[in-house]
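Visitor:
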Amino acid sequence: MSEAVAPAPGKGSRGGGGLSLRRKRALIPLLFVLPGLAWLVLFYVIPIVSQVWVSTQTGNPDDGFVQTWNFAVYPEAVSEYLPQLGRSFLYAGIATLACLIISFPLAYFIAFKAGRWRNLMLLLVILPFFTSLIVRVVAWQTLLADDSFIVDALKAIGILGADGRLLATTFAVIAGITYNFLPFMVLPLYASLERMDRTLLEAASDLYASKLTAFRKVTLPLAAPGIFAGTLLTFIPAIGDYINAQLLGTPNQFMIGNVIQSQYLTVREYPTAAALSFVVMVIVLVLIAIALRFVSTRQLSEAAAS
Amino acid sequence: MRTTADKLRNLVLGTWSILAIIFLFLPIFVIVMFSFNDNQGRFNFTWQGFTLKHWKEPFAVAGLGEAMGTSIAIALLTTLIAVALGTFVALALVRYRWRGRGATGGLIFLPLATPEVVLGAALLGWFLTMGLVRGFVTVLIAHVMFTLGYVVITVRARLEGMDTHIEEAAADLGANQATTLWKITLPLLAPGLAAAALLSFAISIDDFVVSNFTAGQTVTFPLFVYGAARQGVPPQVNVFATAILVIVIGLMFANLAWQRRAARREGIPVPEAKPLGV
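As you go down the protein sequences, you meet chains A and B in turn. 155 is the number of the first residue of the first sequence in this note's numbering; add one for each residue after it. -8 is the number of the first residue of the second sequence in this note's numbering; add one for each residue after it.
Structure (structure tokens):
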């Protein structure tokens, strides 16, 4: 963390504090973080690490599981569910790319062309996401259903064959994921474009750069942190998504999240589920570690909360 | 000077943007529209005529009202706990230097970057190991865990934009740290706290994935909808979803107006209308 820190209130204003007072002051931030930090350690760090403990047990749901340090579960689980694992990355990757293609012109328009409509447009981007996620996915079921107006229209213009359908296809699942994560792409893109120094574009045009060259050599590089943050914020949660595959797809579209969910909650094969979820976590941590070489935690977390 | 090429490009950009926003709103139109659908039988997939009957009897479906009540209770408690814990973490991160500050910032960020299915699975595994019975309390624990980071980030942003001189003046006038915090810092922080509260409430009430893993027999609104999705979602669900949307929009505008007024009073050039105050 490199940002400047404001002086602690009162620091230096009262002279003879003495050692005990100074020590008391040093304790204050620790007291402040302790409850929150304890919550995260107890209900985030330990649970994540304990996945290893759960995964290496053997047994069955009826008689219970005992710890046998059976690490063989990892290669077994991964090879058994390799299609779902691969599909997760493939779908998340395509959806991220689709998000980028849809979002970039939108973010560009909001940042540079929207003028006084800017705040309204930003609001419109976020607003749909204040209805329940599940209800939105169910609404997509309605929109993509076999007799919906979208399917009828696509049939009428010949994009979809007479017996073609959208619901329960790979397309529907990827489209659903794209829809769900769109704001996570738009907002960081917008933030990086909006922060851009516009005089640089004027400088480029003064130096006889064409619009396209200026875009390629000035706008795009300056938007790179936003593209990067948006990609990460879309791709990582998309890997774990299982609602879209569940409600808009068929078992042929199931992703790793569907497997973890059914292994934990339906089949109650806890070790396999824990192993798979730990594998996903490790992959995500690696991705974040790579990402942090390019942008700061701060940029990422602010993009995440925007 | 605007060339034809420029105009054409702007037209294409504008059209693309409007289409993207229509895409974003398509399911919202469906949700609102089908809350007025005079559906026959269980399914609410095709339009069969306008009616207000679902709005008049939102509690006609067994279990839905209870689920909504549970969701609201969990979201309120989550908001209360997460804002309380998160505000102090943010204060420590912004106002003090201490060892472990960087690491704490990283840890706060991690749950936001973890796929929800991993959060849910990890908590379920942990609760099973501990022999905890899953229900209301375990969902609450989980929701506080993953909203905490959002609170910290929101409050931190507000704290950093705040004038420290008033706090220093209070200290110079002999106010101790607790008094300064209570009488100066927290009131100045209020709009940020409101934004953080709104955000955690919205995230909590909408959560499906983590609740799916940690709820046991407890049913929240998203869990009810998911369960109903297999046999046909009743239109009352659309009524509730629409109502939540309207309430959230109302709260958002209220908070925005409040932030603007507070900003004018303080003379701080506050972020022009970022919808959540983030």
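Ideal Cβ placement from N, Cα and C applies to all residues, glycine included.
Among A/395, A/444, A/388, whose alpha-carbon lies nearest the alpha-carbon of residue 257 of chain A?
Guide: When only C-alpha atoms are compared, the closest one is A/388.
Visitor: Please name the residue in B/36, B/159, B/-4 whose C-alpha comes closest to that of residue 222 of chain B.
Guide: The shortest C-alpha separation from residue 222 of chain B is found at B/36.
Visitor: Do residue 411 of chain A and residue 424 of chain A count as a contact pair if the criterion is CB distance below 8 angstroms?
Guide: Result no, Cβ atoms of residue 424 of chain A and residue 411 of chain A do not sit closer than 8 angstroms.
Visitor: The alpha helix (DSSP H) with residue 372 of chain A in it runs from where to where?
Guide: No alpha helix (DSSP H) contains residue 372 of chain A, which DSSP labels as neither H nor E.
Visitor: Taking three-plus beta-carbon pairs below 8 angstroms as touching, is the stretch 364 to 377 of chain A in contact with the stretch 216 to 233 of chain A?
Guide: Touching, no.
Visitor: Output, in sequence order along the chain, the residues in the stretch -1 to 10 of chain B whose CB is closer than 7 angstroms to any CB in chain A.
Guide: Cβ contacts with chain A: 1, 4, 5, 7, 8.
Visitor: Do the stretch 397 to 410 of chain A and the stretch 262 to 277 of chain A make contact, defined as three or more Cβ pairs closer than 8 angstroms?
Guide: Flag = no, the stretch 397 to 410 of chain A and the stretch 262 to 277 of chain A do not touch.
Visitor: Tell me the residue span of the beta strand (DSSP E) that contains residue 5 of chain B.
Guide: Per DSSP, residue 5 of chain B belongs to no beta strand (DSSP E); it is in the alpha helix (DSSP H), -5 to 25.
Visitor: Which whole runs of the alpha helix (DSSP H) in the stretch 387 to 415 of chain A are 4 residues long or more, in chain order?
Guide: As far as the stretch 387 to 415 of chain A is concerned, its whole alpha helix (DSSP H) runs of at least 4 residues are 397 to 402.
Visitor: Measure how close the beta-carbons of residue 27 of chain B and residue 16 of chain B come, nearest whole angstrom, since I'm counting them as under 8 angstroms.
Guide: With 8 angstroms as the limit, residue 27 of chain B and residue 16 of chain B do not qualify as a contact, their Cβ atoms being about 17 angstroms apart.
Visitor: What's the gap between the Cα of residue 209 of chain A and the Cα of residue 202 of chain A?
Guide: One C-alpha to the other measures close to 11 angstroms.
Visitor: When the Cα atoms are used, what is the spatial distance from residue 430 of chain A to residue 405 of chain A?
Guide: Rounded to the nearest angstrom, the two C-alpha atoms are 18 angstroms apart.
Visitor: Roughly how far, in whole angstroms, is the beta-carbon of residue 147 of chain B from the beta-carbon of residue 74 of chain B, given that I think they are within contact range, below 8 angstroms?
Guide: So it is not a contact: roughly 13 angstroms between Cβ atoms.
Visitor: Give me the residue from A/288, A/320, A/287, A/273 with the minimum Cα distance to residue 303 of chain A.
Guide: Among A/288, A/320, A/287, A/273, the Cα nearest to that of residue 303 of chain A belongs to A/320.
Visitor: Buried or exposed, going by whether 16 or more other CB atoms sit within 10 Å of the CB of residue 364 of chain A?
Guide: With fewer than 16 other Cβ atoms within 10 Å, it is exposed.
Visitor: Could you say which of B/183, B/198, B/228, B/58 lies nearest to residue 248 of chain B if we only look at CA atoms?
Guide: That would be B/183, whose Cα lies nearest to the Cα of residue 248 of chain B.
Visitor: What did DSSP end up calling residue 218 of chain B once you bin it into helix, strand or coil?
Guide: Note: residue 218 of chain B maps to helix in three-state DSSP.
Visitor: At the level of alpha carbons, what is the spacing between residue -2 of chain B and residue 4 of chain B?
Guide: Between residue -2 of chain B and residue 4 of chain B, the C-alpha separation is close to 10 angstroms.
Visitor: Look at the alpha carbon of residue 143 of chain B and the alpha carbon of residue 243 of chain B, and state the distance between them as a whole number of angstroms.
Guide: Going from the Cα of residue 143 of chain B to the Cα of residue 243 of chain B covers about 19 angstroms.
Visitor: Compute the Euclidean distance between the alpha carbons of residue 210 of chain B and residue 24 of chain B, then round it to the nearest angstrom.
Guide: Approximately 26 angstroms, taken between the alpha carbons.
Visitor: Can you list the residues of chain B that residue 290 of chain A reaches, using a CB-CB cut of under 8 angstroms?
Guide: Here the neighbours are 18, 19, 22.
Visitor: According to DSSP, what are the bridge partners of residue 219 of chain A?
Guide: Beta-bridge pairing links residue 219 of chain A to A/213.
Visitor: By DSSP, does residue 273 of chain A sit in helix, in strand, or in coil?
Guide: In this structure, residue 273 of chain A counts as helix in the three-state DSSP scheme.
Visitor: Determine the direct distance from the alpha carbon of residue 170 of chain B to that of residue 156 of chain A, and round the result to whole angstroms.
Guide: For residue 156 of chain A, the pLDDT reaches just 40, beneath the cut-off of 50, and the residue's location in the model is therefore unreliable, although a value from the coordinates is still provided. Approximately 30 angstroms, taken between the alpha carbons.
Visitor: Are residue 79 of chain B and residue 102 of chain B touching if we call contact CB-CB under 8 angstroms?
Guide: No, the pair does not count as a contact, with Cβ atoms beyond the cut-off.
Visitor: With 8 angstroms set as the bound, which would you pick, yes or no: does the beta-carbon of residue 225 of chain A sit closer than that to a beta-carbon of chain B?
Guide: Cβ-Cβ to chain B under 8 angstroms: no for residue 225 of chain A.
Visitor: Are the Cβ atoms of residue 111 of chain B and residue 200 of chain B separated by less than 8 angstroms?
Guide: A contact, by the Cβ cut-off of 8 angstroms.
Visitor: For residue 442 of chain A and residue 386 of chain A, I'd like the C-alpha separation in whole angstroms.
Guide: Residue 442 of chain A and residue 386 of chain A: Cα-Cα distance of roughly 8 angstroms.
Visitor: In this structure, how does DSSP classify residue 334 of chain A when only helix, strand and coil are distinguished?
Guide: Here residue 334 of chain A sits in helix by DSSP.
Visitor: Are at least three pairs of beta-carbons, each pair with one atom in the stretch 349 to 356 of chain A and one in the stretch 373 to 383 of chain A, less than 8 angstroms apart?
Guide: With the cut-off at 8 angstroms, the stretch 349 to 356 of chain A and the stretch 373 to 383 of chain A touch.
Visitor: Have a look at residue 253 of chain B and residue 77 of chain B and give me their C-alpha separation to the nearest angstrom.
Guide: Taking the straight line joining both Cα atoms gives about 22 angstroms.
Visitor: Around the Cβ of residue 197 of chain B, are there at least 16 other Cβ atoms within 10 angstroms (buried) or fewer (exposed)?
Guide: Buried: at least 16 other Cβ atoms inside 10 Å.
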